[in-house]
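See below for the structure under consideration.
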Amino acid sequence: MEAQSKTSHRRRGSGGPASSPTFPIGVLLWFIALALAVAGEGMGNWAIGAAVAGAACVGWALTQNYSWIEQTFLHRRFALGINNLILILGVTGILGLLNVIAYRHNAQYDFTKDRKFSLSDQTLKILGGLDQSLEVMAFFIEGSPDDQRGQRAGQERTMVKNLLERYAAASPKFTFRMIDPEKDPTLTKQFNITYNGTTILKSSTRDVRIEPDKMFEYNRSMFNQRLQAFNGEQVITSSILDLTSGAVRTVVFLEGHGERTVDSEDRGGLAAMKEYLLRDQYKIDKVNLLTKPEIPAGASVLVIAAPKGALDSKEIAIIDKHMADGKAVLFLLDSDTPPTLRALLKKYGVETSRTLVVDPARHLHPLFGGTPVIPQPEFGSHPLVDPLKEKKRSVLMPWSTLLKGDAANAEVKGLTYHELLKTSGDSWAEVDVESNTAQFDNGKDTKGPCTVAYAIGKEESTPPANPGEAPKPAKVTNRLIVFGSVEFASNAWAEKGGNIDLFMNAVNWLSGETDRISIRPKSEDVPKLEVEVAQYANRILYATMLLLPGFIFGLGGWIWWRRSSL
38 MEAQSKTSHR
48 RRGSGGPASS
58 PTFPIGVLLW
68 FIALALAVAG
78 EGMGNWAIGA
88 AVAGAACVGW
98 ALTQNYSWIE
108 QTFLHRRFAL
118 GINNLILILG
128 VTGILGLLNV
138 IAYRHNAQYD
148 FTKDRKFSLS
158 DQTLKILGGL
168 DQSLEVMAFF
178 IEGSPDDQRG
188 QRAGQERTMV
198 KNLLERYAAA
208 SPKFTFRMID
218 PEKDPTLTKQ
228 FNITYNGTTI
238 LKSSTRDVRI
248 EPDKMFEYNR
258 SMFNQRLQAF
268 NGEQVITSSI
278 LDLTSGAVRT
288 VVFLEGHGER
298 TVDSEDRGGL
308 AAMKEYLLRD
318 QYKIDKVNLL
328 TKPEIPAGAS
338 VLVIAAPKGA
348 LDSKEIAIID
358 KHMADGKAVL
368 FLLDSDTPPT
378 LRALLKKYGV
388 ETSRTLVVDP
398 ARHLHPLFGG
408 TPVIPQPEFG
418 SHPLVDPLKE
428 KKRSVLMPWS
438 TLLKGDAANA
448 EVKGLTYHEL
458 LKTSGDSWAE
468 VDVESNTAQF
478 DNGKDTKGPC
488 TVAYAIGKEE
498 STPPANPGEA
508 PKPAKVTNRL
518 IVFGSVEFAS
528 NAWAEKGGNI
538 DLFMNAVNWL
548 SGETDRISIR
558 PKSEDVPKLE
568 VEVAQYANRI
578 LYATMLLLPG
588 FIFGLGGWIW
598 WRRSSL
């Protein structure tokens with residue numbers, strides 16, 4: 038009778054704890070406790086109460102099934118389960134160790150096509166050359182997910198913080214602080230912060246102030262304003278240059294003959310290039326040799342941008358003397374270059390003609406508004422274009438004229454000619470520039486490849502100071518750059534491909550700032566994403582941390598209960 042009672046009791050407990058109604062109630066209470074803890078960012082009284090109640094329910098289910106516990110823990114399957122548990126814990130421990138190592142030795146890789154989350158070459162060069170410590174104080178409120186204005190403030194703060202973290206990782210001399218103006222009124226008042234998003238760059242000698250309208254571009258409407266573009270890297274790198282630049286560098290533009298002007302925002306103007314020159318801390322000046330017959334003494338680079346009218350002999354003589362004195366000149370030409378300027382260039386070994394380069398093999402695709410007269414030339418070998426070639430950046434030279442370097446017939450001897458840009462072998466220089474059809478005429482047109490840009494200079498080798506030392510790099514004087522296209526630098530084409538980098542690298546090479554030849558940062562477009570952050574964030578949180586694990590756990594428990602009941 039007693040044996041029959043024990044057998045009956047074991048059978049009553051053979052279903053396991055899951056057969057008791059208190060077991061699923063306890064598990065449910067644990068999930069409720071977890072949800073309360075996550076939602077409240079901590080274990081509050083309700084979460085603790087639910088966890089304790091769940092433990093009591095599960096414990097009661099276990100005490101009512103002691104025979105199942107006895108059978109389970111003394112069974113061979115339990116030993117196998119322990120082995121599996123040890124294996125799982127071992128793998129988890131290894132993964133945790135790898136995670137700790139990765140956290141302490143942070144390494145990031147940017148696999149985006151345009152290197153969206155990486156600093157530009159120019160920024161990395163500037164940070165690598167810092168000889169003083171810089172501190173950035175970014176005044177941004179933390180924002181709130183409860184309203185659109187708070188969401189935008191939080192988005193701006195996050196974008197700036199992520200960018201500054203990349204700066205700090207690139208140089209130990211760069212540090213930053215994110216300051217909430219509402220939580221630190223003393224510091225806010227000290228720096229006279231009146232707008233959220235103001236950023237201060239500090240060196241040992243002075244400060245540079247960046248207002249938010251320089252860093253962010255908005256698309257404003259009557260009822261709303263949306264963040265459209267983020268210019269953070271451009272503005273911060275420019276401000277670092279402002280803090281660390283030594284001598285003032287000036288770019289002087291010739292005017293008085295219908296040249297392209299930096300003040301024009303029309304498609305053919307050069308206002309876009311002016312903006313980039315100012316960002317790189319160049320001073321902009323203009324000179325009219327008809328009214329003031331001398332080039333400013335402090336001119337680092339003289340730019341002659343496609344004059345339409347003829348330059349008289351006195352003006353040509355002033356420019357010639359400027360070049361003979363070893364000063365740098367940048368020529369931006371087209372097919373209508375005045376004869377007097379052609380003669381000056383020929384004196385320095387560059388022959389120009391009234392032609393239009395056509396390249397049916399390498400040009401901007403018609404889908405993007407291209408024609409064979411908008412060639413996409415290949416790069417030569419020169420420090421000016423090497424970064425573009427390395428990064429596989431293409432440039433466009435619309436409506437370019439043919440250039441020929443002729444050192445043998447140059448009056449100025451000792452010059453070295455480097456072909457910067459050359460079109461394909463299928464190209465040609467069209468003589469009939471007014472024609473609406475592009476067709477090669479043998480004996481009339483010039484067969485390609487066609488050179489459309491030259492870098493020219495007189496290279497003077499410097500012997501080593503001591504025997505056995507490596508020879509020093511050649512010193513380059515009489516620096517000239519001639520582009521067969523002025524359009525590539527115009528407002529209509531400046532932002533295409535690597536045109537801006539090509540122009541700015543040319544100016545840097547001419548002014549002797551070869552360490553600044555690089556690829557510049559681009560504006561970061563901000564995609565339109567209008568969601569209620571708080572609402573959707575909670576939905577994602579519950580779905581990923583609670584619902585999905587709960588479903589898997591519940592399914593596993595149901596299968597286990599079904600199998601144990603058989």
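Mapping the sequence shown onto my numbering, position 65 (from 1) lands on 102, and the numbers just tick up by one.
Glycine residues also receive a C-beta, built at the ideal position from the N, C-alpha and C atoms.
Mapping the DSSP letters down to three states, classify residue i as helix, strand or coil.
i, result
"Q192", "helix"
"N515", "strand"
"T438", "coil"
"G494", "strand"
"F368", "strand"
"S337", "strand"
"W530", "coil"
"H455", "strand"
"E172", "strand"
"E467", "strand"
"L238", "strand"
"L315", "helix"
"I556", "coil"
"D250", "helix"
"V489", "strand"
"A342", "strand"
"T281", "helix"
"T22", "Because the chain here runs from 38 to 603, residue 22 falls outside it and cannot be looked at."
"V272", "helix"
"E388", "strand"
"R186", "helix"
"R203", "helix"
"I62", "helix"
"T328", "coil"
"D349", "coil"
"V432", "coil"
"V89", "helix"
"D244", "strand"
"F520", "strand"
"S57", "coil"
"I537", "helix"
Report back the beta-carbon spacing between residue i and residue j to the nearest angstrom; my notes put them in contact at under 8 Å.
i, j, result
"L238", "V173", "5 Å"
"I230", "F176", "5 Å"
"G451", "K495", "5 Å"
"Y491", "G442", "6 Å"
"T453", "I493", "7 Å"
"D396", "T460", "4 Å"
"E248", "Y232", "6 Å"
"F211", "L167", "7 Å"
Residues bridged to residue i by DSSP?
i, result
"P412", "H400"
"Y255", "L264"
"K323", "F290"
"I355", "DSSP output for I355 lists no bridge partner at all."
"L393", "E467"
"R214", "M174"
If we count the other Cβ atoms within 10 Å of its Cβ and call it buried at 16 or more, is residue i buried or exposed?
i, result
"N325", "exposed"
"Y204", "buried"
"K621", "Examination of residue 621 is not possible in this model, given that the chain is present from 38 through 603 alone."
"G462", "exposed"
"P435", "buried"
"D317", "buried"
"G363", "exposed"
"S57", "buried"
"W546", "buried"
"L393", "buried"
"T474", "exposed"
"E193", "buried"
"G234", "buried"
"Q159", "buried"
"L433", "buried"
"S418", "exposed"
"P409", "buried"
"S42", "Its pLDDT being 46, under 50, S42 is placed unreliably in this model, and the value from its coordinates should be taken loosely. Answer is exposed; the Cβ neighbour count stays below 16."
Are the C-beta of residue i and some C-beta of chain D separated by less than 8 Å?
i, result
"T274", "Absent from the structure: chain D. Only one protein chain is present."
Validate contact between the stretch 322–336 and the stretch 279–289 using beta carbons, cut 8 Å, 3 pairs = At 8 Å Cβ cutoff, the stretches touch.
Taking 8 Å as the threshold, find out whether the stretch 522–529 comes into contact with the stretch 353–370 through three or more Cβ pairs.
-> Segment contact: the stretch 522–529 against the stretch 353–370, three or more CB-CB distances shorter than 8 Å; contact assigned.
Segment contact flag, the stretch 344–351 with the stretch 300–307, C-beta cutoff 8 Å, min 3 pairs | The answer is no - the stretch 300–307 does not touch the stretch 344–351, with fewer than three Cβ pairs under 8 Å.
Is the stretch 421–428 touching the stretch 383–397, taking contact as three or more C-beta pairs under 8 Å?
-> At 8 Å Cβ cutoff, the stretches do not touch.
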